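K.L.:
Read top to bottom, the protein sequences are chains A and B. Read in order, the letters of the first sequence are residues 50 to 388 in the working numbering. Read in order, the letters of the second sequence are residues 298 to 920 in the working numbering. Quick one: structure below, then a few questions.
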Amino acid sequence: MTDVTLDPTKRGYWTSDQEVRWCPGCGDYGILAAVQFLHTELDVKREDTVFISGIGCAARFPYYMSTYGMHTIHGRSPAIATGLAVARPDLNIWVVGGDGDMLSIGGNHLIHALRRNINITILLFNNQIYGLTKGQYSPTSEVGKITKSTPMGSIDPPFNPISLALGANATFVARTHDLDRKHMIEVFRRAHDHKGASVVEIYQNCNVFNDGAYAPITKRDVRDDMMISLVHGQPIRFGAENQRGVVLRNGQAVVVDVADVGESELVVHDEANPNASQAFALSLLASDNHSPTPFGIFRAVSAPEYGEAVSQQLLSSNERIGPGDLKDLLRSGATWTVG
Amino acid sequence: MTDTADRVDGTTLDRVVIRFAGDSGDGMQLTGDRFTSVSAFAGNDLATLPDFPAEIRAPQGTLAGVSAFQVHISDHEIHTPGDAPDVLVAMNPAALKSQLERLRSGGTIILNDDAFDERNLEKAGYEADPREDGSLAGYVLHRVNMTKLTLEATADLDVKKRDAERSKNFFALGLVSWMYSRPTEPTLEWIESKFGKMPTVAAANTAAFKAGHAFGETAEMFGSPYKVAAAPQKPGEYTNITGNVATAWGMIAAGQLAKLPVFLGSYPITPASDILHELSRHKNFGVRTLQAEDEIAGIGAALGAAFGGSLSFTTTSGPGLALKGETIGLAISTELPLVIIDVQRGGPSTGLPTKTEASDLFLAMYGRHGEAPLPVVAASTPADCFFAAIEAARLAIKFRTPVILLTDGYLANGAEPWLIPDIDSLPDISSAFTTEPNGADADGNPLFLPYLRNPETLARPWAIPGTPGLEHRLGGLEKQDGTGNVNYDPNNHENMTELREAKINGIAKDIPTADVDGPGDAPILVVGWGSTRGAITSAVERLRNDGMQIDHVHLTHLHPFPTNLAEVIKDREQVFVPELNRGQLVQILRAEFLVDAKPISKVRGLPFTGAELIEAILEGISQ
Numbered sequence: 050m051t052d053v054t055l056d057p058t059k060r061g062y063w064t065s066d067q068e069v070r071w072c073p074g075c076g077d078y079g080i081l082a083a084v085q086f087l088h089t090e091l092d093v094k095r096e097d098t099v100f101i102s103g104i105g106c107a108a109r110f111p112y113y114m115s116t117y118g119m120h121t122i123h124g125r126s127p128a129i130a131t132g133l134a135v136a137r138p139d140l141n142i143w144v145v146g147g148d149g150d151m152l153s154i155g156g157n158h159l160i161h162a163l164r165r166n167i168n169i170t171i172l173l174f175n176n177q178i179y180g181l182t183k184g185q186y187s188p189t190s191e192v193g194k195i196t197k198s199t200p201m202g203s204i205d206p207p208f209n210p211i212s213l214a215l216g217a218n219a220t221f222v223a224r225t226h227d228l229d230r231k232h233m234i235e236v237f238r239r240a241h242d243h244k245g246a247s248v249v250e251i252y253q254n255c256n257v258f259n260d261g262a263y264a265p266i267t268k269r270d271v272r273d274d275m276m277i278s279l280v281h282g283q284p285i286r287f288g289a290e291n292q293r294g295v296v297l298r299n300g301q302a303v304v305v306d307v308a309d310v311g312e313s314e315l316v317v318h319d320e321a322n323p324n325a326s327q328a329f330a331l332s333l334l335a336s337d338n339h340s341p342t343p344f345g346i347f348r349a350v351s352a353p354e355y356g357e358a359v360s361q362q363l364l365s366s367n368e369r370i371g372p373g374d375l376k377d378l379l380r381s382g383a384t385w386t387v388g
Numbered sequence: 298m299t300d301t302a303d304r305v306d307g308t309t310l311d312r313v314v315i316r317f318a319g320d321s322g323d324g325m326q327l328t329g330d331r332f333t334s335v336s337a338f339a340g341n342d343l344a345t346l347p348d349f350p351a352e353i354r355a356p357q358g359t360l361a362g363v364s365a366f367q368v369h370i371s372d373h374e375i376h377t378p379g380d381a382p383d384v385l386v387a388m389n390p391a392a393l394k395s396q397l398e399r400l401r402s403g404g405t406i407i408l409n410d411d412a413f414d415e416r417n418l419e420k421a422g423y424e425a426d427p428r429e430d431g432s433l434a435g436y437v438l439h440r441v442n443m444t445k446l447t448l449e450a451t452a453d454l455d456v457k458k459r460d461a462e463r464s465k466n467f468f469a470l471g472l473v474s475w476m477y478s479r480p481t482e483p484t485l486e487w488i489e490s491k492f493g494k495m496p497t498v499a500a501a502n503t504a505a506f507k508a509g510h511a512f513g514e515t516a517e518m519f520g521s522p523y524k525v526a527a528a529p530q531k532p533g534e535y536t537n538i539t540g541n542v543a544t545a546w547g548m549i550a551a552g553q554l555a556k557l558p559v560f561l562g563s564y565p566i567t568p569a570s571d572i573l574h575e576l577s578r579h580k581n582f583g584v585r586t587l588q589a590e591d592e593i594a595g596i597g598a599a600l601g602a603a604f605g606g607s608l609s610f611t612t613t614s615g616p617g618l619a620l621k622g623e624t625i626g627l628a629i630s631t632e633l634p635l636v637i638i639d640v641q642r643g644g645p646s647t648g649l650p651t652k653t654e655a656s657d658l659f660l661a662m663y664g665r666h667g668e669a670p671l672p673v674v675a676a677s678t679p680a681d682c683f684f685a686a687i688e689a690a691r692l693a694i695k696f697r698t699p700v701i702l703l704t705d706g707y708l709a710n711g712a713e714p715w716l717i718p719d720i721d722s723l724p725d726i727s728s729a730f731t732t733e734p735n736g737a738d739a740d741g742n743p744l745f746l747p748y749l750r751n752p753e754t755l756a757r758p759w760a761i762p763g764t765p766g767l768e769h770r771l772g773g774l775e776k777q778d779g780t781g782n783v784n785y786d787p788n789n790h791e792n793m794t795e796l797r798e799a800k801i802n803g804i805a806k807d808i809p810t811a812d813v814d815g816p817g818d819a820p821i822l823v824v825g826w827g828s829t830r831g832a833i834t835s836a837v838e839r840l841r842n843d844g845m846q847i848d849h850v851h852l853t854h855l856h857p858f859p860t861n862l863a864e865v866i867k868d869r870e871q872v873f874v875p876e877l878n879r880g881q882l883v884q885i886l887r888a889e890f891l892v893d894a895k896p897i898s899k900v901r902g903l904p905f906t907g908a909e910l911i912e913a914i915l916e917g918i919s920q
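Okay, structure coming up:
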């Protein structure tokens, strides 16, 4: 058990006494470190923080935080977190899960938590594979993926988690990756600060069953030309020489050479746009692991948060008809008295 | 042992059973409900049986679309909605055809004669007009032009013909109210309050009701009106209550008694949805209701809220309970309080959504993977749902466990007069959250052990987020006793499995012993559970009147059983177990007590009648 006298600005304060049991070299370590470091900077209390997860490698996450936590069942963490968030609007609730947990068995709960705008921060570890069950293809694996369950290659097209979240009208949608702690911390901070449901897709490397899946995008020697950094209010440019950019053609985002179109033609990123169409178009740029892929915050808009609205209804009901009285309730139908 | 209404003198009945039947759109549920309410005002004892199709509007005029409501009123204590109706009100040929076989021989039929045209007769599958072909010869038949008379009564009102015609159920209600001397004011006032915002509808319903009442008085078809005197009841204040409303009020009461905010995570499902509806109206009690995206999310949200310190419920019916199984297992593993309410209906699969059955007992007892015991509680009358909900919550909180409460469609929609309890007589079911560390590490530093059990109840501490110093992680992986840390040690798993089981078994010491109705040592014992209470009580009373020595024990707690049950069951010549299933409790009793108990089974989507049970018991004895 962590010594409560430790300093909240130190990572150790946010670390539980449990031994971390991910495979050596797993991307999850980097994500855990980023979340713990972020907490050394956030003005939140350990006792007011809860991590909730489903099943999968990523879902072991709560055991390693020194906060409250619940390691639940496969796919259901957004639903369980929803109940906690609605009942306890005072808490900081994080939901952690992988692509199988969140997008396959738990897809329904994910989209409804986003739709309702529940005040939770969802970290979606996407490694495009089932790790804990030892290497089957996942709902984000590319078509043709050869795994134990798909020896001739997978047939079904993958989900694009960002597109899916935007389609569910999520109010905060972002992408980061497990190699860049600084970027993760900044995106997680924004996600945490956001009122309502935030979802962050994290490109996470499974070095055992899907090693290097994102290397064509995130490897040091290619990343400048493959990673598109989304900066609010800025034209979208990237490339080693900042020579490439994104334009919209018939509503579709297209990568171009800036020299061919001129900077004024480039899309100016607007994360706060109430209309998610442009963010959706940008999300589709990440069509496979060999295309330039946007990172950062796709969407951050303000909208009524569900749990707060529930509390508001409780308050207004109280104001309108007064606090509930059990004696009166039992007499609220027609009553009669026997002598 | 007669099952007919006995006329005490020329115009007084000791009891009567009336069945209103019509098309789904004819408003029969509302008509029956109103008749019930005024009878409650009149001081009768009563029991009701709504019986309606799953389809909202099945094709008009067809047998599939018939909706019925049976009400039994009496001047003495009764336990069932009556075996065979004395009076059948049939609004169309399909209603007559589908309901006639229930009517007692010599019973009264009141027809809406206007609905008996060739088309409706054909839709009901009549080859010949039953009014003319002698098939109703054994009954007292009244043919009333309800549609025509309703239209005439509303002719002066500014109301469309179609809307006016829809008031004919109030005509029928007016007529039957006259026949049984029901007070008219409560219904007239009710129409005013219910339809006040639609003055033309209110006026049409009022006119139709009055016309029906006047028709009874002037038509000289019906002789003089009958009286059913008030039943002697314990003094006090009464209300008329259905099982679903009683359940919802019990949940609210439990929250108050536990001093905890109530949370309900639920997904709409027949016949449980009314609990969600009722609870959603009472936000001023601090009740949070979440209509979830599915059954699994309903219980998931409830469990999440329980982790946060709410008194959590999820409400459902059989198909939903099947879906909730995995989360119930998680609640057993995390040892959090949670009440799962299953309003049972006919199964398997979609089965009979609007019809009653009690066939989820095995699912409640065993429907989870692994060794996953939990307490099972069953309500036995509509009003008992109130107390059963409180009891389920009490056990959940005290023993930190999910509890399944079983009700059924018959209880859910059925109504009975209820002597409103004194709330001061209800139990205090509160239990403080843990706020301080309960252990120390090797260096003597304070430590929180989330699985350090209360030695008496074996319940673990309930420490909620927001409590400094007690941060801990729960989960579905096996936990080390005490620390709650993930642990795969064989000895620990065996120990934890036994501890979880011992905790639930220990609840037997915390519940009342089983109460025997009867001499206590009769050679014949009837063991019942759930909504069969009324029918069993009624059957056993009648058998006793005929001289039989017979005991009845009715179980509220189905797991664990009361500690005296073995004693109660043993040394009987015969043990009968009537159930609205193919024999589930009887199997458990046989396994548990090695007793040759016999099932009495019914799976027709309908409750037992007293007569059916008498017949089955007599037949069982003779074998």
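Cβ atoms here follow ideal geometry from the backbone N, Cα and C, with glycine treated the same way. On a predicted model such as this, the values are computed, not experimentally measured, just so you know.
Can you tell me where the alpha helix (DSSP H) with T853 of chain B in it begins and where it stops?
P.N.:
Note, T853 of chain B: premise wrong, no alpha helix (DSSP H); not H, not E.
K.L.:
For Y263 of chain A, which residues from the same chain have a beta carbon less than 8 Å from its beta carbon, with the 5 sequence-adjacent residues on both sides left out?
P.N.:
H226, Y252, N254 and N338
K.L.:
Please identify, using Cβ separations under 9 Å, the residues of the region 842-856 of chain B that lie next to chain A, in order along the chain.
P.N.:
Contact annotation: in the region 842-856 of chain B, no residue has its CB less than 9 Å from a CB in chain A.
K.L.:
Grab the span of the alpha helix (DSSP H) containing K531 of chain B for me, first residue to last.
P.N.:
Note, K531 of chain B: premise wrong, no alpha helix (DSSP H); not H, not E.
K.L.:
I want to see whether chain B comes within less than 7 Å of P435 of chain A, judged by CB atoms only; does it?
P.N.:
Any property of residue 435 of chain A remains undetermined from this structure, which presents chain A solely from 50 to 388.
K.L.:
For L671 of chain B, count the other beta carbons within 10 Å of its own beta carbon; 16 or more makes it buried, fewer makes it exposed. Which is it?
P.N.:
buried
K.L.:
Interface residues of chain A around H769 of chain B at Cβ under 8 Å?
P.N.:
In chain order, Y117 and G118 make up the part of chain A whose C-beta sits under 8 Å from the C-beta of H769 of chain B.
K.L.:
Which residue wins for smallest C-alpha separation from D323 of chain B, given the options B:V456, B:I717, B:K465 and B:G763?
P.N.:
B:K465
K.L.:
Pairing CB atoms from the region 184-200 of chain A with CB atoms from the region 266-279 of chain A, are three or more of them under 8 Å?
P.N.:
no
K.L.:
Keeping to the same chain, check which residues put their C-beta closer than 8 Å to that of P699 of chain B; ignore five residues upstream and five downstream.
P.N.:
I625, A628, I629, L633, P634, L635, V636, I637, L671 and A693
K.L.:
Using CA atoms only, rank isn't needed, just tell me which of A:V304, A:D77, A:I160 and A:G311 is closest to S336 of chain A.
P.N.:
A:V304
K.L.:
The alpha helix (DSSP H) that contains F604 of chain B, what's its start and end?
P.N.:
Under the DSSP assignment, F604 of chain B falls in the alpha helix (DSSP H) whose first and last residues are E592 to F604.
K.L.:
Give me the chain B residues within the contact set of Q67 of chain A, using Cβ-Cβ distance strictly less than 7 Å, ordered along the chain.
P.N.:
N782
K.L.:
If we cut at 7 Å on Cβ distances, does E96 of chain A have a partner in chain C?
P.N.:
Absent from the structure: chain C. Protein chains present are A and B.
K.L.:
Grouping DSSP H, G and I as helix and E and B as strand, with all else coil, what is A628 of chain B?
P.N.:
helix
K.L.:
Output the boundary residues of the alpha helix (DSSP H) element that contains A799 of chain B.
P.N.:
It spans P787 to G803 - the alpha helix (DSSP H) in which A799 of chain B sits, taken as one unbroken run.
K.L.:
Chain B beta carbons: is any one of them nearer than 7 Å to that of V53 of chain A?
P.N.:
For V53 of chain A, the predicted structure reports a pLDDT of 48, less than 50, and the residue's modelled location is therefore unreliable. The matter cannot be settled from this model.
K.L.:
With a floor of 4 residues, list each alpha helix (DSSP H) that falls wholly inside the region 54-102 of chain A, ordered by position along the chain.
P.N.:
Entirely contained in the region 54-102 of chain A, the alpha helix (DSSP H) runs reaching 4 residues are, in chain order, 77-90.
K.L.:
If you count every other CB in all the chains shown that lies within 10 Å of the CB of V584 of chain B, and 16 or more means buried, which is it?
P.N.:
buried
K.L.:
Please state whether DSSP places F258 of chain A in a helix, a strand or coil.
P.N.:
coil
K.L.:
Nearest to E668 of chain B by CA position, among B:S334, B:R797 and B:S828, is which residue?
P.N.:
B:R797
K.L.:
Output the boundary residues of the beta strand (DSSP E) element that contains F366 of chain B.
P.N.:
V363 to S371
K.L.:
Which class does S278 of chain A belong to by DSSP, given the choice of helix, strand or coil?
P.N.:
strand
K.L.:
Could you check how far apart the C-beta atoms of L561 of chain B and F512 of chain B are, in whole angstroms? I think they sit under 8 Å.
P.N.:
Contact flag wrong, Cβ pair sits at about 46 Å.
K.L.:
Kindly indicate which residue of B:K806, B:I315, B:I375 and B:G533 has the alpha-carbon position closest to the one of R401 of chain B.
P.N.:
B:I315
K.L.:
Let me check one thing: in DSSP terms, what residues is M114 of chain A bridge-paired to?
P.N.:
A:T64
K.L.:
For the region 590-624 of chain B, which residues have a beta carbon sitting closer than 9 Å to at least one beta carbon of chain A?
P.N.:
E590, D591, I593, A594, G595, I596, G597, A598, A599, L600, G601, A602, A603, F604, G605, G606, S607, S609, E623 and T624
K.L.:
Assuming S247 of chain A is part of the beta strand (DSSP E), what are its boundary residues?
P.N.:
S247 to Y252
K.L.:
If you check the beta carbons only, do S102 of chain A and G146 of chain A fall under 7 Å apart?
P.N.:
In contact: S102 of chain A and G146 of chain A (Cβ atoms closer than 7 Å).
K.L.:
Give the straight-line distance between the Cα atoms of T444 of chain B and N166 of chain A, rounded to the nearest whole angstrom.
P.N.:
52 Å
K.L.:
Taking Cβ positions, are N168 of chain A and G245 of chain A nearer each other than 7 Å?
P.N.:
yes
K.L.:
Between Y62 of chain A and chain B, is any beta-carbon pair separated by less than 7 Å?
P.N.:
No, no contact with chain B.
K.L.:
Ordered along the chain, which non-local residues of its own chain (more than five positions away) have a Cβ less than 6 Å from that of L140 of chain A?
P.N.:
D97 and V99
K.L.:
Compute the Euclidean distance between the alpha carbons of A908 of chain B and A832 of chain B, then round it to the nearest angstrom.
P.N.:
9 Å
K.L.:
I'd like to check one pair, S395 of chain B with I437 of chain B: are the Cβ atoms closer than 7 Å?
P.N.:
At residue 437 of chain B the sequence reads Val, which differs from the Ile that was named. Result no, Cβ atoms of V437 of chain B and S395 of chain B do not sit closer than 7 Å.
K.L.:
Rounded to a whole number of angstroms, what is the C-alpha to C-alpha distance between V386 of chain B and H369 of chain B?
P.N.:
If you draw a straight line from the Cα of V386 of chain B to the Cα of H369 of chain B, it is about 14 Å long.
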